[in-house]
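Below is one structure, written out as structure tokens; comments come after it.
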Amino acid sequence: MPCRDGRNIVKKLRSRAWFDNPDNIDMTALYLERHMNHGITREELQSGKPIIGIAQSGSDLNPCNRHHIILAQRIREGIREAGGIAFEFPVHPIHENSKRPTAGLDRNLAYLGLVEILYGYPLDGVVLTIGCDKTTPAMLMAAATVNIPAIAFSVGPMLNGWFKGKRTGSGTILWKAREMLAAGEIKNEEFIELVASSAPSVGYCNTMGTATTMNSLAEAIGMQLPGSAAIPAPHKDRAAMAWRTGKRIVDMAHEDLKPSDILTRENFLNAIVVNSAIGGSSNAPIHINALARHMGVELSIDDWQTHGHHIPLLVNLQPAGEYLGEDYHRAGGVPAVVNELMKKGLIHEDAPTVNGRTLGQNCRETPILDHDVIRPFDLPLQSEAGFLILRGNLFDNAVMKTSVISQEFRGRYLSNPDDPDAFEGRAVVFDGPEDYHTRIDDPALGIDEYTLLFMRGAGPIGFPGAAEVVNMRPPDYLIKRGIHALPCIGDGRQSGTSGSPSILNASPEAAAGGNLAILQTGDRVRIDLKAGTVDMLVSDDEIGRRRAGLEAAGGYPYPDHQTPWQEIQRGMVSQLGDGAVLKPAVKYQRIAQTRGLPRDN
Ligand code: FES
Ligand code: MG
1213 MPCRDGRNIV
1223 KKLRSRAWFD
1233 NPDNIDMTAL
1243 YLERHMNHGI
1253 TREELQSGKP
1263 IIGIAQSGSD
1273 LNPCNRHHII
1283 LAQRIREGIR
1293 EAGGIAFEFP
1303 VHPIHENSKR
1313 PTAGLDRNLA
1323 YLGLVEILYG
1333 YPLDGVVLTI
1343 GCDKTTPAML
1353 MAAATVNIPA
1363 IAFSVGPMLN
1373 GWFKGKRTGS
1383 GTILWKAREM
1393 LAAGEIKNEE
1403 FIELVASSAP
1413 SVGYCNTMGT
1423 ATTMNSLAEA
1433 IGMQLPGSAA
1443 IPAPHKDRAA
1453 MAWRTGKRIV
1463 DMAHEDLKPS
1473 DILTRENFLN
1483 AIVVNSAIGG
1493 SSNAPIHINA
1503 LARHMGVELS
1513 IDDWQTHGHH
1523 IPLLVNLQPA
1533 GEYLGEDYHR
1543 AGGVPAVVNE
1553 LMKKGLIHED
1563 APTVNGRTLG
1573 QNCRETPILD
1583 HDVIRPFDLP
1593 LQSEAGFLIL
1603 RGNLFDNAVM
1613 KTSVISQEFR
1623 GRYLSNPDDP
1633 DAFEGRAVVF
1643 DGPEDYHTRI
1653 DDPALGIDEY
1663 TLLFMRGAGP
1673 IGFPGAAEVV
1683 NMRPPDYLIK
1693 RGIHALPCIG
1703 DGRQSGTSGS
1713 PSILNASPEA
1723 AAGGNLAILQ
1733 TGDRVRIDLK
1743 AGTVDMLVSD
1753 DEIGRRRAGL
1763 EAAGGYPYPD
1773 HQTPWQEIQR
1783 GMVSQLGDGA
1793 VLKPAVKYQR
1803 IAQTRGLPRD
1813 N
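Our numbering numbers the first residue of the sequence shown as 1213 and each following residue consecutively.
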């Protein structure tokens, strides 16, 4: 039977195939009896009400998202209020700080697991409880692949951290504290106290790291209710938003409003523009490109420069600026940023969102409430704050986050009046983070303020999972002389909470045959930001000789697989510039529509 919600009549809900299928009474009985065993009734399960999944990402293994365990109660109440039935279930945990060898390994694993759940169980819609870095893309990607009605709900950022009267931002303070430790300004005890001060409550990182970035983009791309991304986790409005999200997904199930109805190319371009304006993480292109792959929307790494580079930095959050999550929320959050960009015609205002209204309709009334935290468009923190996409004889593409290029950095590298956008230096090459940690302070490497630090073996195959290790601090002896950052280039990632102006995500990585594998310490490398190039100044003949040597040696070596998943993923993962997706998974699109229902069990 089609179901009716008073406004729309939509096709039969897919959960009916489990709970109310007269053609297969045996299986219907079996599905019903086991779901009834905790007290839910046949009356409810056969009521024609949508069954709404709550994809629970919070657990003791993911403290950033743990508050979702509490918030899920309000989501459930919203679902009930609107006439739905909630089925909460766990998703594979991904915790940025504590998963070894890197949380990057697990995004695609959580994705795969959630695809199976959304497709194989009686769900008519789902609330995705997003938060910590990769939990957001993993769940959005799965919802895109299965394409049942889905809405995202952020856990919210932690309260602001404070130490001796100053804001301390999660992640960002770590890089600062490391420098202070290296310079001998603090001891181990104070180091830990300083770092811990940055995380004073439940919630995700309060800086503009990958978590705030991806939660903001989940809203800007239309998958969260307006205003949902930035409300601090402990705030009452967070629980109220949980209830509203629960209510809304029930209507979405009736309306059959699916990710494919929302995630258009215009929405992706909006996400790129907003990412520049907020000073978003260099992990965003990886995750947003992956989402586009799974949604079947065309989006390339070059779109990030074309549509994002000229956008100014408006949001004054650490690491590029000074404030934190509470301030971002109070200043108006994502809707205020979008509204400001809209006034300059930089947003596709007709882009659809989960509440059935357009992004323009959702954001038009939200003013900026604190002009120091969210700057007016004409008084930005920095003009042209988006990513540059660089390429050359070392890699096909890599990303540079320009919003964090400091004056110190500009003065040292970009001050030649004849060549103001280019610099050249001697390469020092590290094979993985262990090699870097062992040797960085060794004076024999001859690292000075013009050295370029290279990190390889840190990509999706080499590490495996692509580690956040490209941002390398200079040797102690340079920090003591006031040199806080050297140009860093590599085939791994960088934490969004780091303020290092690195060249990241180089694709192809050394382990996939990229020329980073043949770079040698002592080679000269030239970086031209205007031309968008990074080249080793090594002759083609010499490159040919080195490549022949590499091939004879069987390619760039990487550590043995330690788990089955490491081996499986290494065999099928794409490069960072392409979203690091599982290549065989991309052809499975909108499977709830294109592949029918799964067979009865
Ligand atoms: Fe989880 Fe930053 S470590 S949000
Ligand atoms: Mg990170």
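In this text, a Cβ means the ideal position worked out from N, Cα and C, and glycines have one as well.
Only a predicted model underlies this, so the values are computations on that prediction, with no experimental measurement involved.
- Item | CB of Val1641 within 7 Å of CB of Leu1731, strictly | yes
- Query: Is DSSP giving Gly1544 helix, strand or coil here?
  - Reply: coil
- Item | Neighbourhood of Arg1390 by C-beta, 7 Å cutoff - its chain only, sequence neighbours within 5 removed | Arg1685
- Please classify Glu1577: is it buried, with 16 or more other beta-carbons within 10 angstroms of its beta-carbon, or exposed? exposed
- Message: Which of the three DSSP states is assigned to Thr1380 in this structure?
- Response: strand
- Task: Compute the Euclidean distance between the alpha carbons of Thr1253 and Lys1224, then round it to the nearest angstrom.
- Result: 21 Å
- Exposed or buried, what is Glu1293 when buried is set at 16 or more other beta-carbons lying within 10 Å of its beta-carbon? exposed
- Message: What does the alpha-carbon distance come out to for the pair Val1462 and Pro1471?
- Response: 15 Å
- Just list the beta strand (DSSP E) runs in the region 1237-1276, keeping only unbroken ones of 3 residues or longer that don't cross its boundaries, in chain order. 1263-1268
- Message: Just checking Ala1322 against the ligand FES - is the residue's beta carbon closer than 6 Å to any of the ligand's heavy atoms?
- Response: no
- Task: Could you say if the region 1520-1527 and the region 1586-1598 meet the contact criterion of at least three C-beta pairs nearer than 8 Å?
- Result: yes
- Beta-carbon separation of Gly1598 and His1499 under 7 Å? no
- Item | Check your reading: residues with Cβ closer than 5 Å to the ligand FES heavy atoms | Cys1276, Glu1308, Asn1309, Cys1344, Tyr1416, Cys1417 and Ala1423
- Task: Return the chain-ordered list of same chain residues with a C-beta closer than 6 Å to the C-beta of Glu1478, the five sequence neighbours on each side being excluded.
- Result: His1560 and Ala1563
- Message: Can you tell me whether Asn1628 is buried or exposed? The criterion is at least 16 other CB atoms within 10 Å of its CB, across all chains shown.
- Response: exposed
- Message: Just to confirm the assignment: which complete alpha helix (DSSP H) runs, minimum length 4, are found wholly within the region 1332-1390?
- Response: 1347-1358
- Task: Please list the segments of the alpha helix (DSSP H) lying wholly inside the region 1720-1792, counting only runs of 4 or more residues, in order along the chain.
- Result: 1752-1764 and 1776-1782
- Could you have a look at Phe1642 and say whether DSSP puts it in helix, strand or coil? strand
- Query: What is the DSSP secondary structure of Thr1650, counted as helix, strand or coil?
  - Reply: helix
- Item | Straight-line gap, Ala1656 to Gly1756 (C-alpha atoms, nearest Å) | 29 Å
- Below 7 Å between beta carbons: does that hold for Pro1547 and Pro1438? yes
- Glu1620, enclosing alpha helix (DSSP H) - first and last residue: Gln1619 to Tyr1625
- Message: Excluding the 5 residues flanking Ala1634 on each side, which residues of the same chain have their C-beta closer than 6 Å to its C-beta?
- Response: Asp1740
- Query: Going by the beta-carbon positions, is the gap between Ile1287 and Gly1415 smaller than 7 Å?
  - Reply: no
- Express the C-alpha separation of Ala1298 and Thr1806 in angstroms, rounding to a whole number. 26 Å
- Item | Neighbourhood of Ile1484 by C-beta, 8 Å cutoff - its chain only, sequence neighbours within 5 removed | Ile1500, Asp1515, Trp1516, His1519, Gly1520 and Gly1598
- Where do the N-terminal and C-terminal ends of the beta strand (DSSP E) with Pro1302 fall, by residue? Ile1297 to Pro1302
- Message: For a test of the three-state rule: what should DSSP assign to Asn1574, helix, strand or coil?
- Response: helix
- Run the CB neighbour count on Asp1272, radius 10 Å, all protein chains shown included, and call it buried at 16 or more, exposed below. exposed
- Would Gln1774 be called buried (16 or more neighbouring beta carbons within 10 Å of its own) or exposed? exposed
- Message: I'd like the span of the alpha helix (DSSP H) that includes Ala1489, first residue to last.
- Response: Arg1477 to Ile1490
- Query: What is the DSSP secondary structure of Leu1330, counted as helix, strand or coil?
  - Reply: helix
- Contained alpha helix (DSSP H) runs [length at least 4] in the region 1420-1449, N- to C-terminal order: 1422-1432
- Query: Going along the chain, which residues of its own chain have a beta-carbon closer than 7 Å to the beta-carbon of Ala1354, five neighbours each way excluded?
  - Reply: Tyr1323, Leu1326, Val1327 and Leu1330
- Determine the extent of the beta strand (DSSP E) in which Gly1702 is found, giving its start and end residues. Cys1700 to Gly1702
- For the putative contact between Gly1270 and His1279, defined by C-beta atoms under 8 Å, what is the C-beta separation to the nearest angstrom? 6 Å
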